[in-house]
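Written below as structure tokens is the structure these notes are about.
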């Protein structure tokens with residue numbers, strides 16, 4: 011039995027406390043009037059003399075934004091008011107205010123989604139192991155089940171954020187704003203699907219289905235330990251195969267709903283796969299990290315370097331897979347150069363140059379070169395180091411998906427972002443390791459446990 | 064070359080693996096094991112040095128990538144620039160996304176083909192080469208372990224018999 015070490019528990023609680031503090035600072039320091047927003051950005055410029063803000067302050071920039079991005083369309087009421095006076099500056103300030111008001115919410119959402127995504131990726135990976143009756147992985151099942159325990163709190167937080175969005179506490183999802191939809195023919199065309207009520211119903215169905223599978227599978231997995239036959243194992247196999255079908259459909263829809271709809275004019279047909287790849291690689295990385303941590307504390311004695319090697323192979327493979335999908339999406343849009351599609355990448359390359367290209371280095375070039383060598387995949391600390399970079403890279407990936415549509419060029423990875431990241435990291439660690447303490451770390455009666463124990467490469 | 068070798072025949076890969084470990088433990092030198100199919104872990108049991116083919120594969124991949132870049136730069140930028148889809152080819156880097164599939168394919172192509180050719184050369188395999196295996200049965204269902212004889216020949220014979228050899232021949236090589 012694993013006991014949650016006090017140091018780790020205190021560490022997780024400190025992370026959560028710091029996170030609440032950071033998020034609180036973020037929420038308190040948002041501007042409440044357009045003038046305040048303008049003053050904040052101006053002060054920021056004076057302080058840092060950044061050339062980047064020069065562009066953001068320029069009133070003409072707002073007018074030039076392509077229709078596909080929200081700036082021009084987001085506040086039609088404000089635009090209409092000022093149109094007569096042709097005063098673009100004031101409407102721009104108001105827009106700036108909304109961007110700055112969105113920032114702590116987006117920071118919260120990015121971090122909440124990132125850790126939820128890790129847990130969901132692990133759940134999918136676990137279901138694949140179950141459905142394919144893999145022989146190598148049963149030793150790691152308890153670790154995976156521990157990580158997927160975070161689905162419940164993580165899912166609830168995400169759902170609460172959505173309810174608050176629907177109640178207009180924030181403006182991350184512009185299509186939830188009836189005033190915006192009234193002026194926007196494209197969103198009107200999608201409103202049969204993309205409306206607040208249906209959105210919440212779908213989110214509830216997705217979350218409910220995933221959590222249901224997680225709980226059922228966990229119960230069967232534990233029951234198998236005490237059973238005399240393999241009935242529970244077979245049932246778990248059926249549930250897992252069924253879940254994978256449900257998951258692949260709902261995961262795709264979830265990615266449209268929860269992320270792609272932040273830029274409601276833009277769409278990409280492989281977006282679901284793209285998010286899936288990010289999810290899988292982060293999930294597998296966390297499995298490897300938790301396993302190595304537990305091993306370093308003397309638990310999981312039967313897990314050998316070959317298991318770590320296999321996980322690292324998956325990290326490597328899914329990093330390449332992620333890049334393949336990222337590039338497939340990018341190249342087609344870049345090549346076709348259709349204005350309403352390409353605006354997605356134009357804003358990212360203009361305003362998010364460093365995170366956008368930095369993420370490709372962290373998610374592709376780095377794992378490619380570092381994890382290519384077979385021997386390095388067996389060196390535990392090496393896998394941890396590569397894992398940290400991969401996780402940071404995929405946080406940036408989510409950041410790049412969410413931020414441009416919500417805060418525009420007013421982004422920064424500062425106190426609100428790090429606070430939210432630290433809060434959810436703490437919660438994730440706390441929940442995962444608390445679940446790990448509940449049952450023995452090694453399944454007893456899994457029919458493949460012997461194969462897994464003797465697994466070698 | 065008048066060295067004496069023993070050919071020990073096995074008809075199961077698990078028995079073969081056990082026998083290899085025993086023979087190695089008794090400090091005999093195994094020249095070669097002829098198998099009808101690759102036996103997982105046999106190289107480690109025989110104490111063969113790990114393969115370096117992965118390193119050549121990486122180098123060939125880098126070569127392929129370089130060839131692709133130089134080739135596309137010559138074809139599409141220097142020699143005959145074309146305006147495709149409103150994207151004039153002024154520089155390689157501007158048009159790089161269009162060349163990525165070619166860069167990828169050439170990397171894979173070079174790595175795969177040159178690695179196979181290297182493997183053939185290193186294994187001394189070429190067309191019309193005469194087979195080296197001592198017995199045609201090694202292409203069907205038998206494994207042959209070839210052991211150099213020096214010193215305790217009798218002990219080795221009994222060791223092989225005990226470890227499950229189905230046939231043992233002494234041959235001049």
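Residue numbers (this note's numbering), protein chains in the order written: chain A, 11 to 467; chain B, 64 to 236. All C-beta atoms, glycine included, are put in the ideal place defined by N, C-alpha and C. The model shown is predicted, which means the values in this text are computed figures rather than measured ones.
- According to the DSSP assignment, residue 73(B) belongs to the beta strand (DSSP E) that extends over 67 to 73.
- Contact between the segment 140 to 147 of chain A and the segment 249 to 256 of chain A is established, with three or more Cβ pairs separated by less than 8 Å.
- Assignment of residue 180(A) by DSSP, reduced to helix, strand and coil, places it in the coil class.
- Distance from the CA of residue 109(A) to the CA of residue 212(A), rounded to the nearest whole angstrom, comes to 27 Å.
- With a minimum length of 4 residues, the unbroken runs of alpha helix (DSSP H) contained wholly in the segment 386 to 444 of chain A fall at 390 to 416.
- Across the segment 162 to 177 of chain B, CB contacts with chain A closer than 7 Å involve 163, in sequence order along the chain.
- Its chain contains 394 and 397 as the residues whose beta carbon lies nearer than 7 Å to that of residue 299(A), once the 5 sequence neighbours on both sides are disregarded; these appear in chain order.
- Assigned with DSSP and collapsed to three states, residue 465(A) falls in coil, not helix or strand.
- DSSP, read as helix, strand or coil, puts residue 209(B) in strand.
- Against chain B, the CB of residue 344(A) has a partner CB under 8 Å away; the residue lies at that interface.
- Taking the Cα of residue 274(A) as reference, the smallest distance to any Cα among 41(A), 412(A) and 377(A) is reached at 412(A).
- The three-state reading of DSSP puts residue 95(B) in strand, counting E and B together.
- Residue 159(A) has its alpha-carbon roughly 12 Å from the corresponding atom of residue 226(A).
- Around residue 347(A), the beta-carbon contacts reaching into chain B at under 9 Å are 148, 149 and 150.
- Sequence-distant partners of residue 390(A) (beyond 5 residues in either direction) whose C-beta falls short of 7 Å from its own C-beta, in its chain, are 302 and 318.
- At a cut-off of 8 Å between beta-carbon atoms, residue 292(A) makes no contact with chain B.
- A residue is called buried when at least 16 other Cβ atoms come within 10 angstroms of its Cβ; residue 234(B) does not meet this threshold and is exposed.
- Note that the segment 419 to 434 of chain A touches the segment 35 to 43 of chain A; at least 3 beta-carbon pairs, one per stretch, sit closer than 8 Å.
- The C-beta separation of residue 22(A) from residue 297(A) comes to about 18 Å, leaving the pair out of contact by the 8 Å criterion.
- Following the DSSP letters along the chain, one finds residue 235(B) inside the beta strand (DSSP E) bounded by residues 230 to 235.
- Rounded to whole angstroms, the gap between the alpha carbons of residue 183(B) and residue 120(B) is 14 Å.
- In this structure residue 349(A) is exposed. Its beta-carbon is surrounded by fewer than 16 other beta-carbon atoms within 10 angstroms.
- Contact between residue 161(A) and residue 224(A) holds: CB atoms are separated by about 5 Å, below the 8 Å threshold.
- DSSP, reduced to helix, strand and coil, places residue 23(A) within a helical segment of the structure shown.
- The Cβ neighbour count for residue 434(A), taken over all protein chains shown within 10 Å, is at least 16; the residue is labelled buried.
- Excluding the 5 residues flanking it on each side, residue 114(A) has same chain C-beta neighbours closer than 7 Å at 33, 36, 37, 40 and 426, in chain order.
- With respect to chain B, the C-beta atom of residue 369(A) has no partner C-beta closer than 8 Å.
- Counting other Cβ atoms within 10 Å of its Cβ, residue 111(A) reaches 16 or more and is therefore classed as buried.
- Straight through space, the alpha carbons of residue 196(B) and residue 78(B) are spaced by roughly 20 Å.
- In the DSSP annotation of this structure, the continuous segment of the alpha helix (DSSP H) that includes residue 217(B) starts and ends at 216 to 225.
- Scanning chain B for C-beta atoms nearer than 8 Å to the C-beta of residue 340(A) yields 160, reported in chain order.
- The continuous stretches of alpha helix (DSSP H) do not include residue 103(B), and DSSP gives it neither H nor E.
- Residues of the segment 189 to 200 of chain B that bring their beta carbon within less than 8 Å of a beta carbon in chain A are absent altogether.
- Against chain B, the beta carbon of residue 465(A) has no neighbour under 9 Å; the closest one sits roughly 12 Å away.
- By the Cβ-count criterion, residue 180(A) is buried, with 16 or more other Cβ atoms from all chains shown falling within 10 Å of its own Cβ.
- With a threshold of 8 Å between beta carbons, residue 337(A) makes contact with chain B.
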